[in-house]
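Residue 163 in the working numbering sits at position 152 of the sequence shown, with consecutive numbering throughout. Positions of the beta carbon are idealized from the N, C-alpha and C atoms, including for glycine. On a predicted model such as this, the values are computed, not experimentally measured, just so you know. Reviewing the structure listed below.
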Amino acid sequence: MTDADAEAQRQDYHYRVISRALHEIDAARAEAAAGGQRRELPLTDLAARLGFSPAHFQRVFSAWVGVSPKRYQQYLSLDLARELLAERLPLDEVAAGAGLSGPSRLHDLLLRWEAMTPGEFAAGAAGLTIRWGRFPSPFGEALAFATERGLCGLAFTAETGFDAAFADMAARWPGATLREEAEAIRPWVEAALGGAGEASLTLIGAPFQIKVWEALLAIPSGEVTTYSAIAAQIGSPAAVRAVGTAIGRNPISYLIPCHRALRKSGGLGGYHWGLPVKRAMLAREAARREAGIPPAQLCLAQK
Numbered sequence: 012m013t014d015a016d017a018e019a020q021r022q023d024y025h026y027r028v029i030s031r032a033l034h035e036i037d038a039a040r041a042e043a044a045a046g047g048q049r050r051e052l053p054l055t056d057l058a059a060r061l062g063f064s065p066a067h068f069q070r071v072f073s074a075w076v077g078v079s080p081k082r083y084q085q086y087l088s089l090d091l092a093r094e095l096l097a098e099r100l101p102l103d104e105v106a107a108g109a110g111l112s113g114p115s116r117l118h119d120l121l122l123r124w125e126a127m128t129p130g131e132f133a134a135g136a137a138g139l140t141i142r143w144g145r146f147p148s149p150f151g152e153a154l155a156f157a158t159e160r161g162l163c164g165l166a167f168t169a170e171t172g173f174d175a176a177f178a179d180m181a182a183r184w185p186g187a188t189l190r191e192e193a194e195a196i197r198p199w200v201e202a203a204l205g206g207a208g209e210a211s212l213t214l215i216g217a218p219f220q221i222k223v224w225e226a227l228l229a230i231p232s233g234e235v236t237t238y239s240a241i242a243a244q245i246g247s248p249a250a251v252r253a254v255g256t257a258i259g260r261n262p263i264s265y266l267i268p269c270h271r272a273l274r275k276s277g278g279l280g281g282y283h284w285g286l287p288v289k290r291a292m293l294a295r296e297a298a299r300r301e302a303g304i305p306p307a308q309l310c311l312a313q314k
């Protein structure tokens, strides 16, 4: 087994442990709510439900998140979403500082991006060759797609399954030729998922969609915003529903952080690759931020 294979197994194992933990936590919360109570699962109970010793489960959890299961549970509630919304920076302020990188950060990720022309988009990417591959990630298997100019798709298969995720992504570019060539795009994918180096993106979408995705790129790790705030940011305050649709059609998940967009009420809304993945992303980012684990410092450069 290669080091890459071992890492893929470890990442997938950790995600599935967390995913199972979420289901157990949700079940316990629902049971408590039915009785008019609110409680968190103690470490011993949660570990037992997952078939782990408390010490083993704590180690796995801490390696993945950086905080205890107890604290992590607090980040899974809607209270977290509302708290983050209350503390968020206006998107214009965030965008103003988006290109700054400092020595306090452990990693730097430079995203260079360019948009496909409207004509190319309308043609369904006809004539393009898109390479794809399967890669490990903190959220289970990632399915990545890239043109010669950069990553154009990033999906997560843990909840939907590989076949459904692949069909979903392939249908977005019906005119393109798809080739499985993981090694050709590995440097971009590893930089993107590892938060260090340079990853180029190709944004394939309609002009309105690309405006929405640009606004998403301005939201820092550990923070969230609302669909209505994004609509206002792009100059279309009445287009909240259209913004939500564009967010749902974002093909480059995680890097273009649609998981950081919530309903104004503080509800999580939907997520194309499954709400458990969205909740895990938000909780992990917020918990690691509190634990003092610096996120990748994102520098944006449009080609």
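is_contact[residue i, chain C] using C-beta, thresh 8 Å
i, result
"Ala-178", "Of the chains in the structure shown, none is chain C; there is only one protein chain."
Nearest-angstrom beta carbon gap, residue j and residue i [assumed within contact, 8 Å]
i, j, result
"Gly-233", "Ala-297", "5 Å"
"Gly-199", "Pro-149", "As written in the sequence, residue 199 is Trp, which differs from the Gly given in the question. So it is not a contact: roughly 17 Å between Cβ atoms."
"Gly-135", "Pro-80", "Not quite, the Cβ-Cβ distance comes to about 46 Å (not below 8 Å), so this is no contact."
"Ala-203", "Ala-210", "4 Å"
"Asn-261", "Leu-227", "7 Å"
"Leu-165", "Ile-263", "5 Å"
"Val-223", "Val-254", "6 Å"
"Phe-173", "Gly-151", "Between Gly-151 and Phe-173 the Cβ distance is about 10 Å, and since that is not below 8 Å, they are no contact."
"Gly-144", "Ile-196", "6 Å"
Closer than 7 Å: residue i CB and nearest the ligand MG heavy atom
i, result
"Ala-226", "In terms of ligand content, the structure shown is empty, and the ligand MG therefore cannot be addressed."
Backbone CA spacing between residue i and residue j [nearest angstrom]
i, j, result
"Val-235", "Ala-272", "6 Å"
"Glu-192", "Ala-153", "14 Å"
"Ala-4", "Leu-266", "As shown, the chain starts at 12 and ends at 314. That puts residue 4 outside it, with no answer to give."
"Phe-68", "Glu-159", "42 Å"
"Glu-225", "Thr-140", "24 Å"
"Ile-29", "Ile-258", "25 Å"
"Ala-187", "Ala-229", "29 Å"
"Ala-137", "Ala-169", "30 Å"
"Ala-249", "Lys-289", "26 Å"
"Arg-142", "Tyr-83", "37 Å"
"Tyr-238", "Pro-268", "13 Å"
"Val-71", "Gly-246", "44 Å"
"Tyr-26", "Ser-64", "18 Å"
"Asp-16", "Ala-43", "41 Å"
"Arg-183", "Phe-219", "16 Å"
"Ala-178", "Gly-281", "20 Å"
"Ala-242", "Arg-295", "26 Å"
"Phe-156", "Ala-45", "44 Å"
"Asp-23", "Asp-14", "14 Å"
"Met-180", "Asp-56", "39 Å"
"Glu-194", "Ala-66", "38 Å"
"Glu-201", "Gln-244", "31 Å"
For residue i, the nearest candidate out of the options (CA to CA)
i, options, result
"Cys-163", "Thr-213, Phe-63, Asp-14", "Thr-213"
"Gln-20", "Ser-73, Glu-201, Phe-146, His-270", "Phe-146"
"Gly-161", "Ala-182, Ile-215, Ala-176", "Ile-215"
"Pro-231", "Ala-155, Ala-182, His-270, Ile-36", "His-270"
"Leu-286", "Thr-13, Glu-35, Ser-247, Thr-171", "Thr-171"
"Ala-58", "His-34, Ala-178, Gly-144", "His-34"
"Ala-176", "Leu-61, His-283, Pro-65", "His-283"
"Arg-315", "Ser-73, Ala-242, Gly-62", "For the chain, the structure presents residues 12 to 314; residue 315 sits outside this window and is missing."
"Arg-31", "Ala-155, Glu-201, Leu-61", "Leu-61"
Residues sharing a beta bridge with residue i, DSSP
i, result
"Glu-18", "Bridge partners of Glu-18: none, in fact."
"Arg-190", "Arg-142"
"Phe-156", "Trp-143, Gly-164"
"Gly-135", "Beta-bridge pairing links Gly-135 to no other residue."
"Gly-151", "Pro-149"
"Leu-61", "Paired residues: none, contrary to the question."
"Thr-237", "Leu-273"
"Ile-221", "In DSSP, Ile-221 forms no bridge with anything."
"Ile-263", "Leu-165"
Item checked: Cβ contact check for the segment 23–42 and the segment 50–69: 3 or more pairs under 8 Å -> yes
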